[in-house]
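Okay, so here's the structure we're looking at.
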Amino acid sequence: MAALSELYREMASCQSCGLAQHRTQVVPGEGTVDTDILFVGEAPGYNEDRLGRPFVGAAGVFLDGLLASIGMGRSDVYIANIIKCRPPGNRDPGPGEIAACKPWLDRQMEMIRPKVIVTLGRVSLSRFRPNESISKVHGKPIRMGEFVLFPMYHPAAALHQGGLRNTLESDMLLLPKILKELRSIDAVPRGDDSHQQLTLF
Ligand code: URA
């Protein structure tokens, strides 16, 4: 899509924070703008910085498996990060870096207009709900005006804490149900109150 490639061109020359000095390249995100689902991770790591693509390491392999579990692949969704350049040594991004990078994700959200934004991990959740704890809200859809926020643990967390693997897998299985419900809300003509049975929100 022309608008996306123009956005990527602008991102490639971004110097809004110090991470620009350390990157091999910007990692804008990938997938289709013609989707209802936007996944938002934290920041590129070593492999992503080398290849310019999000989630290409072990966490990405797990994410691909989670998508497959609901009959989807990367071309059905859009995958982005809060931060578009790798923080040195994979440290957490700082508040200044998160603020500097915010306009890029804002513009991706405007282009995609997703029905559901799936945050992957604590840092991504805090971009939308700063005071929420991921252990309390993961797997629970939160209506946020134009879209529904669906917080999940970060796939990398399951690689370190095996117990989270099942949690991520069962949270992911809720995603098609949420989408189904949102699509049925959209299909209800104004004035029709038959949507009273809707349950998730
Ligand atoms: N972790 C993230 O949050 N994003 C990536 O792109 C890769 C690993």
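Residue 1563, in our numbering, is where the sequence shown stops; the numbers in between run on with no holes.
Quick reminder that beta carbons are idealized off the backbone N, C-alpha and C, glycines included.
Quantities reported herein were computed from a predicted structural model and do not represent experimental measurements.
Counting the other Cβ atoms within 10 Å of the Cβ of Ala1520 gives 16 or more, which makes it buried. Here Asp1438 has Gly1393, Thr1394, Thr1397, Ile1399 and Leu1429 as same chain residues with Cβ atoms under 8 Å from its own Cβ, once five neighbours each way along the sequence are excluded. Residue state for Arg1453 is assigned as coil, using DSSP reduced to three classes. By the Cβ rule, the segment 1410-1426 does not count as touching the segment 1488-1507, because fewer than three pairs are nearer than 8 Å.
When secondary structure is reduced to three states using DSSP, Met1434 falls in the coil class, being assigned neither helix nor strand.
For Arg1505, the enclosing beta strand (DSSP E) stretches over residues Ile1504 to Met1506. A residue is called buried once 16 or more other Cβ atoms fall within 10 Å of its Cβ, and Ala1374, having fewer, is exposed. Separation of the CB atoms of Pro1517 and Leu1530 is rounded to 7 Å, and the pair is thereby assigned contact status at 8 Å.
By the neighbour-count definition (other C-beta atoms within 10 Å, threshold 16), Val1418 is a buried residue. Burial check for Leu1535: the Cβ neighbour count within 10 Å stays below 16, so the residue is exposed. Segment contact: the segment 1368-1383 against the segment 1480-1487, fewer than three CB-CB distances shorter than 8 Å; contact not assigned.
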